[in-house]
Structures are given as C-alpha cells and as structure tokens.
Amino acid sequence: MFRPFILAAALALGACASTPAYAPATSAASAGYSETQIESNRYFVTYRAGGATDAALIQDYALLRAADLTLQSGHDWFWVDRRNVDQESTRSSGPSLGVGIGTSSGGYRSGTSVGVGINFPIGSGQRSQTARSATLEVRFGDGVKPDAENAYDAREVSANLRARLQARR
C-alpha cells in the first residue's frame with residue numbers, strides 16, 4: 199500500500215530537483231530564454247524557469263544568453279546596465295517529523311481534550327535563494343572590453359558558463 203505513495207513522492211521530488219533546460223522560450227510565459235531589442239545594440243535578455251529554481255542558476259542562464267546573443271550579433275563583449283531577479287530567500291530545514299496525541303469529547307458525553315505536538319527538525323537549516331526569472335539589460339561593444347565589473351567578454355562567459363553548467367548535470 200505504501201509503495202505507490204513512496205514512488206509518487208520520489209518522482210515528485212525528482213521533478214522539483216531537476217535542472218531547467220537552457221533553451222528558447224516557446225511563449226512569453228513559458229520557461230526558457232528570450233530577448234527583446236530596445237535599440238540597435240541594446241536588448242533585454244530574460245531567462246524564465248518553470249518554477250522557483252536556484253537563483254544563481256537562473257542568473258547564469260541569463261548571462262549565457264547575453265553572451266550568445268552578443269556573439270550572434272557579431273560583437274566581442276557586452277555591458278550589463280541593469281539586472282532584475284525575482285528572488286526569494288527561504289530557510290530549508292529539511293523534512294520534519296511530527297507526533298500528535300489527543301483525546302476529544304463529543305456527542306452526549308462530556309470530557310476534556312488534550313493535544314501534544316512534537317516536531318523534530320531534520321536537516322541543516324541552510325538558507326537558499328530561489329528565483330523564477332532574471333532579466334538583464336545589455337548593450338554590445340567591439341574591440342577591447344572595458345575594465346569594469348559590468349563588462350563581460352562574450353567568448354569567455356560562454357565558454358566558462360557552458361563548462362560549469364555541463365559539470366552541474
């Protein structure tokens with residue numbers, strides 16, 4: 199009797215833990231990357247996950263798309279003017295075990311009711327940052343990349359993030 203329940207729970211956990219794909223979004227509300235051209239060399243680049251996902255991963259996917267778009271447009275580097283991440287912080291305490299004991303009264307009988315609850319947290323209690331999407335406003339440049347924290351070499355970003363994301367799978 200418990201086997202179907204355990205199998206369903208394992209499948210649900212596996213679906214939640216899966217890494218979102220780096221692929222184009224099929225619609226405005228679907229998971230994946232998209233871009234909107236603002237000016238000839240300026241874009242909004244967005245990566246949207248299917249649900250709450252690791253915020254750093256969502257930002258990596260948005261940066262990777264910005265690097266790919268820069269290279270596809272024939273440019274060498276990109277500058278991030280603005281970043282927007284719909285991020286939330288959650289405290290993960292892992293699963294917990296609860297025990298409740300109680301009595302009640304009802305019908306024509308009178309009595310008292312007592313309840314006791316005990317919770318044993320299991321887990322590390324670590325904080326995690328999750329997000330549903332990240333949007334970057336980027337503009338492209340050619341030649342030597344400016345020496346600034348908002349400037350990124352498109353080839354280096356693409357190579358480094360692809361290697362890191364491949365190792366994560």
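Using the working numbering, the first residue of the sequence shown is number 199, and each one after it goes up by one.
C-beta: ideal position from N, C-alpha, C; glycine also.
On a predicted model such as this, the values are computed, not experimentally measured, just so you know.
Quiz item: Skipping 5 residues on each side, what residues in its chain have a beta carbon closer than 7 angstroms to that of Leu267?
Solution: Glu233, Tyr241 and Val243
Quiz item: How would you write the range of the beta strand (DSSP E) that Asp266 sits in, first residue to last?
Solution: Segment Ala253 to Gln270 is the alpha helix (DSSP H) holding Asp266; no beta strand (DSSP E) there.
Quiz item: Grouping DSSP H, G and I as helix and E and B as strand, with all else coil, what is Val336?
Solution: strand
Practice problem: Just grab the DSSP bridge partners of Ala329 for me. | Solution: Thr251 and Gln285
Quiz item: Around the C-beta of Arg362, are 16 or more other C-beta atoms found within 10 angstroms, so that it is buried, or is it exposed?
Solution: exposed
Quiz prompt | Neighbour-count burial assignment, Ser238, 16 or more Cβ in a 10 Å radius | solution = Answer is exposed; the Cβ neighbour count stays below 16.
Quiz item: Residues in its own chain within less than 8 angstroms of Arg360 by CB, not counting five upstream and five downstream?
Solution: Only Leu262 meet the Cβ criterion.
Practice problem: On a CA-only basis, which of Leu269, Gly230 and Ile236 is nearest Asp258? Give me that one, please. | Solution: Considering only alpha carbons, the answer is Gly230.
Practice problem: Give the DSSP-derived three-state secondary structure of Val243 in the structure shown. | Solution: strand
Quiz item: Excluding five sequence neighbours on each side, which residues of the same chain lie with their C-beta closer than 8 angstroms to the C-beta of Asn348?
Solution: Trp277, Val278 and Asp279
Quiz item: What is the DSSP secondary structure of Ser294, counted as helix, strand or coil?
Solution: At Ser294 the pLDDT is 49, less than 50, meaning the model places this residue with poor confidence and gives no usable figure here.
Quiz prompt | Inter-residue spacing [alpha-carbon to alpha-carbon] between Gln327 and Thr251 | solution = A direct Cα-Cα distance of roughly 8 angstroms separates Gln327 from Thr251.
Self-check item: Asp351 vs Trp275 beta-carbon contact at 9 angstroms
Solution: yes
Quiz item: Quick one: Cα of Gly249 to Cα of Arg366, how far?
Solution: Between the alpha carbons of Gly249 and Arg366 lies a gap of roughly 19 angstroms.
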